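For what it's worth, our numbering labels the leading residue of the sequence shown as 16, then goes sequentially.
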Amino acid sequence: MELLRQKTVASGGVVYAIAWVWCVAGALSAVDPGGTCAAPSDGSGAVATLRNETPVVNLLEPIRQKYGVPAICAAVVNSERIIAGGAVGVRKHGTDIPVTVNDIWHLGSETKAMTAALIGRLVERGQRRWDSTMAEIFPEWADEMQPEMKDVTILQLLSHWAGLVENVQWHQFAQHGCLSQQRYAVAKKLLTEQPKYPPGTGGHYSNAGYVLAGAVVEKITADTWEKQIAALLFEPLGMASAGFGGVGTAGCIDQPWGHYEDGRPVERNGPAMDNPPVLGPAGRVHCTISDWAAFVIDQLRGAQGKAALLEPKTYQRLHQPPFGDVYALGWLAVPRNWADGTALTHSGSNTMNYATVWIAPNRDFAALVCINQGGQAAFKDSDEAVGALIGAFLNTRLENEELKMEEEGRIEESRKSKENEEY
16 MELLRQKTVA SGGVVYAIAW VWCVAGALSA VDPGGTCAAP SDGSGAVATL RNETPVVNLL
76 EPIRQKYGVP AICAAVVNSE RIIAGGAVGV RKHGTDIPVT VNDIWHLGSE TKAMTAALIG
136 RLVERGQRRW DSTMAEIFPE WADEMQPEMK DVTILQLLSH WAGLVENVQW HQFAQHGCLS
196 QQRYAVAKKL LTEQPKYPPG TGGHYSNAGY VLAGAVVEKI TADTWEKQIA ALLFEPLGMA
256 SAGFGGVGTA GCIDQPWGHY EDGRPVERNG PAMDNPPVLG PAGRVHCTIS DWAAFVIDQL
316 RGAQGKAALL EPKTYQRLHQ PPFGDVYALG WLAVPRNWAD GTALTHSGSN TMNYATVWIA
376 PNRDFAALVC INQGGQAAFK DSDEAVGALI GAFLNTRLEN EELKMEEEGR IEESRKSKEN
436 EEY
């Protein structure tokens, strides 16, 4: 099957205290004290419940067993509703506690499309333009900013054309204060130091660029990225389960437990078991698959020109690569035969969980998959699961197509990048 992948990585923070930054006391603290473990739940108490449907379960379970991942959760949607969903496996290897279709899943870099949509709302409100430059947004650094970074635009940040490094040493910034202060410090570092590549000359995947985009949100709203995305995206879309960081109560198997690439459960779960909080705009959102589906349905409707949260021209900007490659704003836009045209896709991982989504606007279809393990088994499992869902729900044969990364060697590149990942 000819689906396309891009590498996904995660990371986190830095900061300087400044007058405009709004610091929320205790917000998203890294403190993870644990708590009293309740009896295992079937997930039916979730705000928006989804039924575990037999056809989806029957598709997923053989694939889960083939790759040995602890659990898979998937949903299929059209532009009106969730068509079907299902979950198979256990929350943690070595236990018999089943995963549920209403559990909460870590989405990793699926967060990027959400950050781009949030900025789209701010652009619609006239608070900034897509071509607003870093010099306009951060005039206080006029004398320190690298000349080539002054003209970098919001559009270049969100499409990975700003020439920035993929990651910085995120943990070194935690000492600088609250999250907004940390992101402000990341922004200063990125804008006042020589970029890795000449801006505007090519696409280079960058978590750092999305953290800088989060700092842009905080600068122009005088509020945190977390509060803005909750108010302007999660709340209007009804994503009541959406939050940030690792999932579950520390030490309790009340949500899917993360697993390393080799299938071993991570030593500890809970909110702190994730990349540093400063990385939020690039990759720390979690939610139920039904709430993620609400976002995906909105993106599907927008891609079709139907009534949705944003204006039609905003979806066009989000979904169309602005500089001639395949990377749009938080999405890859790629031609696919099974999609009857362009498909939108992205994957996300904090190395302990994996998520992927494919949207086919011309087929009124999208498939979402979450796995509580990172690495190659999860990557292959998710691709095969998406392929099975496409085959079953679109009645499309994919026998001569392959699920693969976009560029040859990208998998190995992703492996090497783990040297820079943190949690």
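The C-beta atom is built at its ideal place from N, Cα and C for all residues, glycine as well. Predicted, not measured: the structure shown is a model, and the values here were computed from it.
Tell me the DSSP secondary structure of residue 213 in three-state form.
Mapped onto the sequence shown, residue 213 falls at position 198. Looking at residue 213 - three-state DSSP - the assignment turns out to be coil, as it is neither helix nor strand.
Quick one: which unbroken alpha helix (DSSP H) runs of 4-plus residues sit fully inside the region 241-299? Chain order, please.
Qualifying alpha helix (DSSP H) stretches, in chain order: 295-298.
At the level of alpha carbons, what is the spacing between residue 359 and residue 393?
Position 344 of the sequence shown, counted from the start, is the residue given in the question as residue 359. Position 378 of the sequence shown, counted from the start, is the residue given in the question as residue 393. Going by the C-alpha atoms only, they are around 20 Å apart.
Have a look at residue 342 and residue 193 and give me their C-alpha separation to the nearest angstrom.
Translated into positions along the sequence shown, residue 342 becomes position 327. Translated into positions along the sequence shown, residue 193 becomes position 178. For residue 342 and residue 193, the distance between alpha carbons rounds to 31 Å.
So, helix, strand or coil for residue 342, using DSSP?
As a working note, residue 342 is residue 327 in the sequence shown. In this structure, residue 342 counts as strand in the three-state DSSP scheme.
Could you tell me which residues DSSP puts in a beta bridge with residue 361?
Residue numbering aside, residue 361 sits at position 346 when the sequence shown is read from its first letter. For residue 361, which the question treats as bridged, DSSP gives the partners 372.
As a quick exercise: from 327, 70, 314, pick the residue whose alpha carbon is nearest that of residue 130.
Translated into positions along the sequence shown, residue 130 becomes position 115. Cα-wise, what sits closest to residue 130 is 314.
Express the C-alpha separation of residue 132 and residue 344 in angstroms, rounding to a whole number.
Within the sequence shown, residue 344 is the residue found at index 329, counting from 1. Within the sequence shown, residue 132 is the residue found at index 117, counting from 1. For residue 344 and residue 132, the distance between alpha carbons rounds to 8 Å.
In chain order, what residues of the same chain have a beta carbon less than 6 Å from the beta carbon of residue 221, not counting five sequence neighbours either side?
Along the sequence shown, one-based indexing puts residue 221 at 206. Hits under 6 Å: 175, 179, 181.
Please report the straight-line C-alpha distance between residue 389 and residue 158, rounded to a whole angstrom.
Mapped onto the sequence shown, residue 389 falls at position 374. Mapped onto the sequence shown, residue 158 falls at position 143. Using only the alpha carbons, I get a separation of about 43 Å.
May I ask you to report which of helix, strand or coil DSSP gives residue 188?
Reading the sequence shown from its first residue, position 173 is the one you call residue 188. In this structure, residue 188 counts as helix in the three-state DSSP scheme.
Is the separation between the beta-carbon of residue 198 and that of residue 230 shorter than 8 Å?
Taking the sequence shown and counting its residues from 1, the one referred to as residue 198 is at position 183. Taking the sequence shown and counting its residues from 1, the one referred to as residue 230 is at position 215. Yes; because the gap between Cβ atoms is below 8 Å, this pair is in contact.
With DSSP collapsed to three states, give me the class of residue 349.
The residue you call residue 349 lines up with position 334 of the sequence shown. Residue 349 falls in the strand class under three-state DSSP.
Can the beta-carbon of residue 307 be found less than 8 Å from the beta-carbon of residue 122?
Position 292 of the sequence shown, counting from 1, holds the residue named residue 307. Position 107 of the sequence shown, counting from 1, holds the residue named residue 122. Going by C-beta atoms, residue 307 is nearer than 8 Å to residue 122.
Can you tell which of 224, 299, 265 has the C-alpha that lies nearest to the C-alpha of residue 244?
Residue numbering aside, residue 244 sits at position 229 when the sequence shown is read from its first letter. Taking only the C-alpha atoms, the option nearest residue 244 is 299.
If distances are taken between C-alpha atoms only, which option among 270, 185, 324, 265 comes closest to residue 140?
In the sequence shown, the residue the question calls residue 140 occupies position 125. Of the candidates 270, 185, 324, 265, the one whose C-alpha sits nearest the C-alpha of residue 140 is 324.
Our contact map puts residue 97 next to residue 65 with C-beta atoms below 8 Å; I'd like the distance itself, whole angstroms only.
The residue you call residue 97 lines up with position 82 of the sequence shown. The residue you call residue 65 lines up with position 50 of the sequence shown. Indeed they touch by this definition, with Cβ atoms about 6 Å apart.
If you reduce the DSSP assignment to three classes, tell me which class residue 103 lands in.
Position 88 of the sequence shown, counting from 1, holds the residue named residue 103. Residue 103: strand per DSSP, three-state reduction.
Quick check for students: name the residue ranges of the beta strand (DSSP E) that lie wholly in the region 72-146, counting only runs of 3 or more.
Taking 3 residues as the shortest admissible run, the region 72-146 contains the following complete beta strand (DSSP E) segments, listed from N- to C-terminal end: 86-92, 97-104, 119-121.
Below 8 Å CB to CB, which residues in the same chain sit around residue 209 once its five sequence neighbours on both sides are set aside?
By 1-based counting over the sequence shown, the position of residue 209 is 194. If we look at residue 209 and ignore the five residues flanking it on each side, its Cβ neighbours are 161.
Beta strand (DSSP E) containing residue 226: first to last residue?
Here residue 226 corresponds to residue number 211 of the sequence shown, with the count starting at 1. No beta strand (DSSP E) holds residue 226; the alpha helix (DSSP H) holding it covers 222-236.
Report yes if the CB atom of residue 101 is closer than 8 Å to the CB atom of residue 71, and no otherwise.
Counting from 1 along the sequence shown, the entry for residue 101 is found at position 86. Counting from 1 along the sequence shown, the entry for residue 71 is found at position 56. Against a cut-off of 8 Å, the Cβ pair of residue 71 and residue 101 comes out as a contact.
Is residue 196 buried or exposed, if buried means 16 or more other CB atoms sit within 10 Å of its CB?
Counting from one through the sequence shown, the residue named residue 196 turns up at place 181. By the 10 Å Cβ count, residue 196 comes out buried.
Would you say residue 293 and residue 226 are within 8 Å of each other, going by their C-beta atoms?
As a working mapping, residue 293 is identified with position 278 in the sequence shown. As a working mapping, residue 226 is identified with position 211 in the sequence shown. Their beta carbons are under 8 Å apart, which means residue 293 touches residue 226 by this criterion.
Among 367, 322, 168, which has the Cα closest to the Cα of residue 338?
In the sequence shown, residue 338 corresponds to position 323, counting from 1. For residue 338, the nearest C-alpha among the options comes from 168.
Along the chain, where does the beta strand (DSSP E) containing residue 382 start, and where does it finish?
By 1-based counting over the sequence shown, the position of residue 382 is 367. Start and end: 380-386.
Could you name the residues of the same chain whose beta carbon sits closer than 7 Å to that of residue 320, not counting the 5 residues immediately before and after it, in chain order?
Here residue 320 is taken as the residue at index 305 of the sequence shown, counted from 1. Counting only Cβ-Cβ distances below 7 Å, and skipping sequence neighbours, we find 327.
Assuming residue 143 contacts residue 235 under a Cβ cut-off of 8 Å, what Cβ separation, rounded to an integer in Å, is found between them?
Locating residue 143 in the sequence shown gives position 128, where the first residue counts as 1. Locating residue 235 in the sequence shown gives position 220, where the first residue counts as 1. Contact flag correct, Cβ pair sits at about 5 Å.
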